[in-house]
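In full-length UniProt numbering, the protein residues as written are 34 to 274. To keep things clear, I will list the structure first and then write my remarks on it.
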Ligand code: SAM
């Protein structure tokens, strides 16, 4: 019996995750590349029940299933160009981790940090996220090492983690860094780890040198320039309100 027509499925997100990443640009391409990126899953009223998380602290890592909500409306195509292939070779969408996929579902393994239940609001803190601020979380499951970790698995075109770049803070932004660091204790680590991943778009990377870039983390605008294989942070200022 074939079932060619499937009825749609509707999902109710558990809540949303708050992260430092305010825009797609510069978000690491997979989780745990940037372990200084903390996220907080804030549960919606329907799922605001601490019993749902009982025992979760026994697990060091968790799977987050989520919706790529910012690209969902753009739909999907059968073939995509993964950045790891330089952004110009095509691959079947289901043979990639592209955001432009049917059903727009993403999955990330993140580190468990803590559960919080403050003023009646339940939240789950995690580390190492690769998700945009406000991403709807569809499900959370413990990572089970003996089942989920397959040491001999083949990694295809993404067999190795991408090479990293050196990151330096220019002396001109030392004061800004110190100031914002007191508000966001993870800031310098976060900037370093994000820029080490070389956020430049694949087609542009390694061509233009001495180009200037900007990204937004929390409410801050961070600017840097690229010279050779290194990134130099030049300014850290708050967004205009
Ligand atoms: N680990 C997940 C997976 O494999 O399903 C995500 C991988 S995907 C290549 C990671 C990229 O998704 C990030 O670099 C960011 O550009 C993008 N992204 C993260 N959150 C998103 C969201 N809510 N909507 C659209 N794009 C998002």
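Idealized CB from N, CA, C, for every residue including glycine. No experiment lies behind these values; they were computed from the predicted model shown.
{"Query": "For residue 76, three-class secondary structure by DSSP", "Result": "strand"}
{"Query": "Nearest residue (CA-CA) to residue 145, options 235, 89, 205", "Result": "89"}
{"Query": "Residues near residue 219 by beta carbon distance below 6 Å, same chain, minus five either side", "Result": "69"}
{"Query": "Proximity of residue 213 and residue 269 at Cβ, strictly below 8 Å", "Result": "yes"}
{"Query": "Complete runs of the alpha helix (DSSP H) confined to the UniProt domain \"TsaA-like\" (44–185) [at least 4 residues]", "Result": "178–181"}
{"Query": "Any non-hydrogen atom of ligand 1 within 7 Å of residue 202 CB", "Result": "no"}
{"Query": "Three-state secondary structure (DSSP) of residue 247", "Result": "strand"}
{"Query": "Contact under 8 Å by Cβ, residue 132 with residue 139", "Result": "yes"}
{"Query": "Spatial neighbours of residue 60 in its chain, beta-carbon cut-off 7 Å, leaving aside the 5 residues before and after", "Result": "54, 163, 165"}
{"Query": "Cβ distance (whole Å) where residue 243 is taken to contact residue 260 below 8 Å", "Result": "6 Å"}
{"Query": "Option in 135, 252, 256, 264 with minimal Cα separation from residue 273", "Result": "252"}
{"Query": "Three-state secondary structure assigned by DSSP to residue 233", "Result": "coil"}
{"Query": "Run of the beta strand (DSSP E) containing residue 201, from where it starts to where it stops", "Result": "199–202"}
{"Query": "Distance cut-off 7 Å: residue 101 Cβ against heavy atoms of ligand 2", "Result": "Ligand 2 is absent from the structure shown, which contains only ligand 1."}
{"Query": "Rounded C-alpha distance that separates residue 262 from residue 233", "Result": "12 Å"}
{"Query": "Contacting residues, own chain, Cβ-Cβ under 8 Å from residue 201 (five flanking each side not counted)", "Result": "263, 264, 265, 266"}
{"Query": "Nearest-angstrom Cα separation, counted from residue 204 out to residue 186", "Result": "44 Å"}
{"Query": "Sub-8 Å separation of residue 173 and residue 96 beta-carbons", "Result": "yes"}
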